[in-house]
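Residue numbers (UniProt numbering): 1 to 375. Take a look at the structure set out below.
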């Protein structure tokens, strides 16, 4: 306030708002409690929560969040995540029941976001990986339908396979009991592809058979001792090479990128490579992953740099963009490695994620279709 009369003496005190000041957004995103694996399930499955901060307490229910000092909702409050999944989980207490059948896609979107959130948290015991998430899966199962397979859903299997490391690598942990194709096989934070094609296309992978999944209504969501699936899809041989080429800017040669789950020799530098085609004397037409540095040089491939030459790319989904002026068509898949069990049985383990970009789908139509068993 400004006075014309200078005889008045007023003191004004201005405090700089601390960026570290507690609010519900920071409490939900940065507290130690929200870094632990078990607390996600406990938080999500509880329709009402009291959160105790150092400064005050906060209240959350399906319809609102509020603080003890009645701060209005705004940037001090976290975004209301998992809305559709929450409607399903709390359907027995909500005044208006959710339209479950029409919201399956939205529930699946929330599910993948929940899986990403959970993967970024830590567990004291790795063997709890399935159990600490099983309640969430069990509660939303009626709205999704199908079978729950170690973190994936049979009704949306291709999208469930399309995960990759958020950071450099996502090493597989055998003690979790998860199959190699499940996002639960790693302690690393993972992300799922944001491209969802719910319509059936000729390029979709198909589930033919699955084994090792408990039929018990409760146990099927818990600990997994072993699990396998037989799928049918388009495949192409892949060679993993440590060779460097100056061809990253050769749009006429680079087909896409591969993100390996684990480094080839303990060095995370070889986790992401570019994909090219090659005519191999043994494999015939194949894909090859190379370290592509900036440049437009021609490629002279040397077999001396090959690390593995028996890999496969399994195409999971692809879509042709008829408006090529806007953006290219795309495809996504996973990298598989053959594993021999017994004298004749050959199974496949996942070891990476692949994304392609190209002007048409004709290239994929030249791939061979086959069925294989993934463990």
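Ideal Cβ positions, reconstructed from N, Cα and C, are used throughout, including at glycine. Keep in mind that this is a model prediction, so the values were computed, not measured.
Asked	Found
Residue 157 versus residue 126: straight-line alpha-carbon distance, rounded	24 angstroms
Reduced DSSP category for residue 90 - H, G, I as helix; E, B as strand; rest coil	coil
Alpha carbon of residue 183 to alpha carbon of residue 32, nearest angstrom	23 angstroms
Beta-carbon spacing of residue 166, residue 116 below 9 angstroms	yes
Proximity below 9 angstroms, CB of residue 242 to CB of residue 307	yes
Other residues of its chain near residue 376: CB distance less than 7 angstroms, five sequence neighbours each side excluded	Residue 376 is absent from the model: the chain starts at 1 and stops at 375.
In DSSP terms, what residue 236 is bridged to	313
Residue interval of the alpha helix (DSSP H) (run including residue 104)	104–119
Straight-line Cα distance separating residue 136 from residue 338	33 angstroms
Residue 142 burial status per 10 Å Cβ neighbour count (16 or more: buried)	exposed
Inter-stretch contact at 8 angstroms, needing at least 3 Cβ pairs: the stretch 184–195 / the stretch 160–176	yes
Cα-Cα separation between residue 180 and residue 281, rounded to whole angstroms	30 angstroms
Range covered by the alpha helix (DSSP H) that runs through residue 376	Lying outside 1 to 375, the shown extent of the chain, residue 376 is not represented and no answer is given.
Nearest-angstrom Cβ-Cβ length linking residue 313 and residue 354, presumed shorter than 8 angstroms	5 angstroms
Nearest-angstrom beta carbon gap, residue 112 and residue 259 [assumed within contact, 8 angstroms]	Actually they are not in contact, since the Cβ atoms of residue 259 and residue 112 sit about 17 angstroms apart, beyond 8 angstroms.
As assigned by DSSP and simplified to three states, the class of residue 132	helix
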